[in-house]
Structure formats: structure tokens, C-alpha cells
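Just so you know, the numbering used here puts 18 at position 33 of the sequence shown, and the rest follows in order with no gaps.
What follows is a single structure, written as C-alpha cells, with notes after it.
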Amino acid sequence: NTFSSSRLYDSESQTYATVFGDFLNLRRRLGNRVIVAAADGRRLVPSQLRERIDEIDADLDRFGIDLVTILSLHRERDWRQRARVLTDDYAPANLLQGRGDD
């Protein structure tokens, strides 16, 4: 989980894309989002997850996660594709500490 309202949303998203390749960005307009990526970097398609929903849903149900609802939140890439990737050398989160506006 990360937050879609973060000022670092573009850079966070671009970092996920760089590290994991294709991923599902499941989010509401505001609030938290869930990132789903395949371990082997292959492209994830919501319909593939829906096909396995009974198998997956049983595991997630004990955590109060409703996969059908989450999959309905899928959005396309909605961040700036040229955003700077976060690294150890470029980590602006420390600049945002104490601002109270995130």
C-alpha cells in the first residue's frame, strides 16, 4: 500500500515501473492504493486475476480484502512518465518530513 495523494506519487509510480516492470495500479481517486506485480516481471492483466479469483480470494478473505472490489479500482498509468525514479541518492521524502501537507 502507498498513497495516491502523496506529492511523491509520480516518482513512486515510476520507481515501481522501473523495478517491477508492468504492474497493476489499483487505487481510488484519493487515499491508498495497492500495487500488484508478478514476481517474474510478466504483464499482469486484471482478467487473469479474475479467472483465479476463487483461489486467490480465499487467501485474502481472512485479511478482510475483497478482491472483486479491488480489481474494479484498476487504473491505467496516470503518473508523469518522466518523473524521476527514487534512489538512495534521490530520496526527496526526507525533504517532505515535517511539512504536514502530505
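Every residue, glycine too, gets a C-beta built ideally from N, C-alpha and C.
Please read all numbers here as calculations on a predicted model, not as lab measurements.
Residue i - containing alpha helix (DSSP H), residue span
{"i": "residue 34", "result": "31 to 36"}
{"i": "residue 19", "result": "No alpha helix (DSSP H) contains residue 19, which is instead part of the beta strand (DSSP E) from 17 to 22."}
{"i": "residue 48", "result": "Here residue 48 belongs to no alpha helix (DSSP H), and DSSP marks it neither H nor E."}
Reduced DSSP secondary structure (H/G/I, E/B, other) of residue i
{"i": "residue 87", "result": "Legend: pLDDT at residue 87 = 46, less than 50; position of this residue unreliable, no value from coordinates given."}
{"i": "residue -7", "result": "coil"}
{"i": "residue 72", "result": "coil"}
{"i": "residue 58", "result": "coil"}
Spatially closest choice to residue i from the options, by CA coordinates
{"i": "residue 58", "options": "66, 8 and 18", "result": "18"}
{"i": "residue 23", "options": "8, 36, 12 and 16", "result": "8"}
{"i": "residue 28", "options": "36, -6, 6 and 45", "result": "6"}
{"i": "residue 116", "options": "11, 1 and -12", "result": "Outside the displayed span of the chain (-14 to 87) sits residue 116, for which this structure offers no information."}
{"i": "residue 30", "options": "39, -10 and 56", "result": "56"}
{"i": "residue 16", "options": "26, 1, -8 and 0", "result": "-8"}
Cβ separation of residue i and residue j, assumed to be a contact under 8 Å, to the nearest whole Å
{"i": "residue 75", "j": "residue 69", "result": "6 Å"}
{"i": "residue 72", "j": "residue 20", "result": "Not a contact, Cβ separation roughly 18 Å."}
{"i": "residue 64", "j": "residue -2", "result": "4 Å"}
Minimum Cβ-Cβ distance from residue i to chain B less than 7 Å
{"i": "residue -5", "result": "Any reference to chain B falls outside this structure, which holds one protein chain only."}
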